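Visitor:
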Amino acid sequence: MRLTGGCLCGAVRYALTVEGGDVADYCHCRQCQKASGAPVMAWVQVPPSRFEVVQGQARAFASSARSARWFCPTCGSSLYMTDAAGRSIGVALGSLDDPAAVAPTAHGWTSAQLPWLVLDDDLPRYDGDPPYDL
Ligand SMILES: [Zn+2]
Ligand SMILES: [Zn+2]
28 MRLTGGCLCG AVRYALTVEG GDVADYCHCR QCQKASGAPV MAWVQVPPSR FEVVQGQARA
88 FASSARSARW FCPTCGSSLY MTDAAGRSIG VALGSLDDPA AVAPTAHGWT SAQLPWLVLD
148 DDLPRYDGDP PYDL
């Protein structure tokens, strides 16, 4: 499934291919909260070979020793994450043109989930990184 997305102002556009078995999850961690200004983010992870920026250029912020968060330098939208080892790219589901196209299948970092955020699903929940994460 080929998907497209981009930032709020339209300067940065990307495309990716999502396949069955790709991991998509909510991340309740504090870094995602700070980076987005939202209570939770949701991501899909794909190999770098299945992701490309097709217009404009995102800027990176090294949010940890092993990962960088890429955002639009004009409007600030959070777009995707890369890891230092280049193993996968996490694409922010909210930045997809069709954000309903990929549904999360787990929750990560529920230890930081806000008490007023009630998500009534039966998905697996992990205190920290889900076990399949990098
Ligand atoms: Zn923008
Ligand atoms: Zn996070």
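Count along the sequence shown from 1, add 27, and you get the number used in my numbering. Glycine is no exception: its CB is placed at the ideal position from the N, C-alpha and C atoms. For clarity, every value in this text was computed on a predicted model and none was experimentally measured.
So, are the CB atoms of V81 and R40 less than 8 Å apart?
Guide: Sequence index remark: in the sequence shown, residue 81 carries index 54 (1-based). Sequence index remark: in the sequence shown, residue 40 carries index 13 (1-based). In contact: V81 and R40 (Cβ atoms closer than 8 Å).
Visitor: Given the structure, does W97 come close to ligand 2, in the sense that its CB is under 7 Å from one of the ligand's heavy atoms?
Guide: Counted from its first residue, the sequence shown places residue 97 at position 70. Result no, Cβ not under 7 Å from ligand 2.
Visitor: Going by alpha carbons, who is nearest to A51 out of C34, Q60, C36 and V71?
Guide: Translated into the one-based positions of the sequence shown, residue 51 becomes position 24. It is V71 whose Cα lies nearest to the Cα of A51.
Visitor: Let me confirm a value: V145 is counted as buried when at least 16 other C-beta atoms fall within 10 Å, else exposed. Which label applies?
Guide: Translated into positions along the sequence shown, residue 145 becomes position 118. So V145 counts as exposed.
Visitor: Could you tell me whether any non-hydrogen atom of ligand 2 is closer than 7 Å to the CB of Q72?
Guide: Here residue 72 refers to the residue found at position 45 of the sequence shown. No.
Visitor: Are the CB atoms of L43 and F78 nearer to each other than 8 Å?
Guide: Numbered from its first residue, the sequence shown carries residue 43 at position 16. Numbered from its first residue, the sequence shown carries residue 78 at position 51. In this structure, F78 lies closer than 8 Å to L43 by Cβ.
Visitor: In terms of residue numbering, what span does the beta strand (DSSP E) encompassing A87 cover?
Guide: Mapped onto the sequence shown, residue 87 falls at position 60. Note, A87: beta strand (DSSP E), R86 to S91.
Visitor: Secondary structure at A42, three-state DSSP: helix, strand or coil?
Guide: For the purposes of this step, residue 42 is identified with residue 15 of the sequence shown, where counting begins at 1. In this structure, A42 counts as strand in the three-state DSSP scheme.
Visitor: Closer than 7 Å: is that where the CB of W136 sits relative to any heavy atom of ligand 2?
Guide: Residue mapping note: residue 136 aligns to position 109 of the sequence shown, counting from 1. Indeed, a heavy atom of ligand 2 lies less than 7 Å from the Cβ.
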